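In the working numbering, the protein residues as written are 22 to 919. Glycine included, every Cβ here is placed at the ideal spot set by N, Cα and C. Model, not experiment: these values are computed from the prediction. What follows is one structure encoded as structure tokens, with my remarks underneath.
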Ligand SMILES: [Zn+2]
């Protein structure tokens with residue numbers, strides 16, 4: 022079901038067409054004119070359901086030899102729908118025996134013509150069906166006239182109105198299966214096409230797509246934009262963005278660059294950063310791939326209400342406005358921008374020029390772009406801690422998801438587009454990216470690069486599979502990668518490695534790497550990494566030796582370690598080359614706790630702190646011990662990445678403490694200790710530093726006492742100033758949200774005052790969160806009603822802000838009072854065809870650290886209902902995390918030290 026109100030699907034035949042009379046039984050009768058081929062085809066007859074199955078996509082690939090589209094679209098500033106006409110110049114492989122279906126979700130079909138002649142059709146709200154009797158012969162121009170509602174959920178053609186100046190902006194977002202919400206066509210990646218677009222739009226608008234316009238003709242209040250035929254590519258990366266954007270122009274060694282943003286956001290955009298990062302990435306990729314940028318220009322469009330971070334539409338990439346800060350960015354935030362720019366650009370080659378055949382190879386796209394973006398930054402940017410950030414972000418995401426019950430092999434069957442939607446996750450991006458990082462180390466850097474380059478050259482403008490990719494790498498490196506592929510791509514699960522060593526007379530007598538696997542995924546893998554040996558020297562704990570090692574199987578003897586000075590700390594994944602969880606030996610743990618701040622390499626400290634919190638997550642180390650250790654040791658830390666990691670886990674610890682069943686006095690003491698420490702760090706951090714911003718952000722998550730809330734309110738009012746800390750509008754909103762979360766002071770008035778000053782879209786979204794977070798039944802009831810019953814009145818971005826804010830960890834009793842209502846809406850949400858909302862709904866199952874919390878989710882999962890893949894995955898993970906939380910609570914309660 023389409024959730025855009027009056028244009029809801031279910032429109033069967035258009036009233037315009039009297040000829041629309043083909044009944045399903047007639048369709049079947051037509052199919053019955055049987056040959057062996059027809060029988061094979063009829064086995065794959067299309068379900069009357071949303072989405073596209075792999076089986077059906079295969080059938081259609083057999084039907085269609087080639088297709089190109091001419092598309093005319095009319096968009097306007099007002100109105101709920103746009104209109105269009107598409108002509109699909111289609112060449113069939115043979116005379117059709119089966120009906121032809123054309124994907125088109127949630128629109129209205131005005132008429133269908135084949136070679137200029139009106140023909141009957143059937144439309145079920147998901148796709149149009151034309152009987153083969155109207156498609157005799159091999160080549161046809163199939164024209165469809167249609168209308169479609171603009172979307173408000175960020176998919177298809179999304180319409181946004183700026184509350185500040187009333188201007189309207191539109192953009193498209195399609196992956197994996199929403200291009201058919203812009204125009205009827207064959208929406209599968211292996212039916213690549215040329216697109217010839219023309220657009221009628223308000224006269225002060227820019228219109229952006231994969232090519233630059235040929236001409237723009239003024240026709241009164243509208244302009245008619247005519248574009249030349251594009252290159253050949255898949256429809257999920259086609260695009261149409263429009264609006265009165267502010268534009269900046271530049272040039273990357275002959276490639277014309279443009280950057281677009283809404284007019285009211287333009288003052289906050291830093292075009293110098295955008296263009297510098299863009300040029301550096303182009304410089305790196307063109308050289309690395311040895312393939313010139315394959316398209317004619319490169320536009321980057323910053324758009325509102327965007328669901329993901331960014332999207333690699335051919336030559337017209339879209340970015341979420343979250344990459345624009347209304348204050349000064351930290352270096353980490355600037356690097357995140359550089360990273361996403363490089364990621365989307367890598368897709369121009371990997372994904373856009375060479376495209377996976379079907380969604381089972383989504384990882385080929387995403388893992389590659391993830392790895393390549395980091396490599397580009399490491400090799401050609403101002404940032405010198407790229408791999409530390411990779412470790413902190415991408416790898417932790419991957420490790421986390423690989424230990425969840427929903428982990429999966431990187432390469433996995435994807436039966437339909439709903440399943441594809443569920444796979445944009447930490448395995449596809451993070452683990453895939455991490456093992457690609459391992460590959461050049463394993464195969465040789467230049468061999469890897471050559472293999473990639475040959476792959477791109479050989480398959481330009483075509484589709485590819487995993488075998489194509491591995492084949493090219495293996496050939497370039499002269500290595501058989503079958504075993505590697507089996508271990509890494511076809512099997513899920515995270516291995517743990519641990520070093521064990523003996524010393525004699527101050528020297529290592531033996532050092533072994535032990536590898537283990539989880540019971541559910543008993544695969545041991547082969548990897549190349551380094552073992553780091555650390556010893557105290559001159560008052561510092563320094564890396565005395567890094568020994569390269571390729572380990573395999575359960576036990577690998579590191580012969581080269583023999584005779585080295587007996588180490589105080591052994592880190593078996595020095596430099597973070599391996600994808601494995603590290604279990605430190607006891608000697609190393611003891612020395613680490615004594616010497617964490619003596620370790621001179623920040624990356625090592627980062628990895629050791631992470632190991633420590635891993636032990637908490639695994640319920641091996643009581644959380645209170647971690648909190649004490651952090652408070653006693655993190656105060657002198659100066660490396661920004663370590664500070665980010667420690668402050669993140671102190672915030673996480675605070676939230677877990679809200680949920681644990683435990684002694685209240687102990688909880689109060691620990692939470693107060695965290696609040697005090699974080700506030701102290703905020704005071705002590707150098708003026709204007711990134712550390713100061715980091716501690717501020719954690720402070721707004723852990724402030725709860727009257728004293729801290731008073732400080733927060735005084736900061737907001739400007740009555741308290743921390744030297745160097747400039748509060749940008751978003752930081753102000755985090756203080757206002759905190760006030761509302763604690764019902765502190767003039768919390769309601771604070772929202773009104775801020776909105777009066779700043780009525781921007783972002784401010785309005787923050788105001789929703791600030792209201793929804795209040796610990797009052799009234800606020801919960803109102804926003805649950807909006808989310809579950811009145812969601813057509815809101816855009817998805819608003820619902821997301823509300824859902825995220827609704828039940829913070831300390832509001833468990835309010836959650837329990839409302840959970841039945843959330844569960845009661847499940848059937849309705851589950852049967853909706855808007856996968857985007859399913860993700861938002863899943864956020865209404867927050868951490869619930871109780872037996873009841875585990876049971877509630879189990880009841881849904883065990884009910885035998887067929888759940889949307891995204892929802893099923895979210896609920897399975899929720900059950901697991903609720904259970905882990907219970908285990909962590911047990912660890913803290915078993916600990917008598919506190
Ligand atoms: Zn990507």
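Inter-residue CB distance, residue i and residue j (contact presumed, cutoff 8 Å)
| i | j | result |
| --- | --- | --- |
| residue 221 | residue 260 | With a Cβ gap of about 17 Å, residue 221 and residue 260 do not count as contacting. |
| residue 439 | residue 889 | 6 Å |
| residue 194 | residue 332 | 6 Å |
| residue 921 | residue 708 | This structure leaves residue 921 out entirely; the chain is present only between 22 and 919. |
| residue 161 | residue 135 | 5 Å |
| residue 594 | residue 519 | So it is not a contact: roughly 10 Å between Cβ atoms. |
| residue 375 | residue 289 | With a Cβ gap of about 36 Å, residue 375 and residue 289 do not count as contacting. |
Assigned exposure category for residue i - 16 Cβ within 10 Å defines buried
| i | result |
| --- | --- |
| residue 360 | buried |
| residue 263 | buried |
| residue 692 | buried |
| residue 453 | buried |
| residue 60 | With a pLDDT of 42 at residue 60, under the threshold of 50, the modelled position of that residue is not reliable, and no figure is offered here. |
| residue 869 | buried |
| residue 597 | buried |
| residue 112 | exposed |
| residue 2 | As displayed, the chain neither begins before 22 nor continues past 919, which places residue 2 out of reach and without an answer. |
| residue 525 | exposed |
| residue 902 | buried |
| residue 918 | Because residue 918 sits at a pLDDT of 41, beneath the cut-off of 50, its placement in the model cannot be relied upon, and the point is left open. |
| residue 777 | exposed |
| residue 826 | buried |
| residue 406 | buried |
| residue 57 | Note that residue 57 has pLDDT 42, beneath the 50 cutoff, so the model's placement of it is unreliable and no number is given. |
| residue 55 | No answer about residue 55 holds up, because its pLDDT of 37 lies below 50 and its placement is not dependable. |
| residue 884 | exposed |
| residue 49 | Residue confidence is low: residue 49 scores 34 on pLDDT, short of 50, so the model does not pin down where it sits. Its coordinate-derived value is still stated next. Residue 49 comes out exposed. |
| residue 555 | buried |
| residue 482 | exposed |
| residue 121 | buried |
| residue 727 | exposed |
| residue 543 | exposed |
| residue 721 | buried |
Per DSSP, cross-strand counterpart(s) of residue i
| i | result |
| --- | --- |
| residue 904 | Bridge partners of residue 904: none, in fact. |
| residue 223 | 243 |
| residue 670 | Bridge partners of residue 670: none, in fact. |
| residue 277 | 272 |
| residue 164 | 108 and 134 |
| residue 192 | 179 |
| residue 554 | 566 and 591 |
| residue 924 | With the chain running from 22 to 919 in the structure shown, residue 924 is simply not present. |
Any non-hydrogen atom of ligand 1 within 7 Å of residue i CB
| i | result |
| --- | --- |
| residue 444 | no |
| residue 390 | yes |
| residue 484 | no |
| residue 328 | no |
| residue 334 | no |
| residue 386 | yes |
| residue 262 | no |
| residue 206 | no |
| residue 364 | yes |
| residue 368 | yes |
Inter-stretch contact at 8 Å, needing at least 3 Cβ pairs: the stretch 382-389 / the stretch 424-436: yes
Should the stretch 302-312 be called in touch with the stretch 388-399, which here means at least 3 C-beta pairs below 8 Å? yes
Within 8 Å, do at least three Cβ pairs link the stretch 865-880 to the stretch 822-841? yes
The stretch 200-218 contacting the stretch 235-253, beta-carbon criterion three pairs below 8 Å: yes
Segment contact flag, the stretch 124-132 with the stretch 169-177, C-beta cutoff 8 Å, min 3 pairs: yes
Evaluate contact between the stretch 572-587 and the stretch 527-546, counting only Cβ atoms and requiring at least three cross-stretch pairs below 8 Å. yes
Between the stretch 621-636 and the stretch 538-550, are three or more C-beta pairs nearer than 8 Å? no
Give a yes or no on contact between the stretch 586-593 and the stretch 604-614, applying the rule of three or more CB pairs nearer than 8 Å. yes
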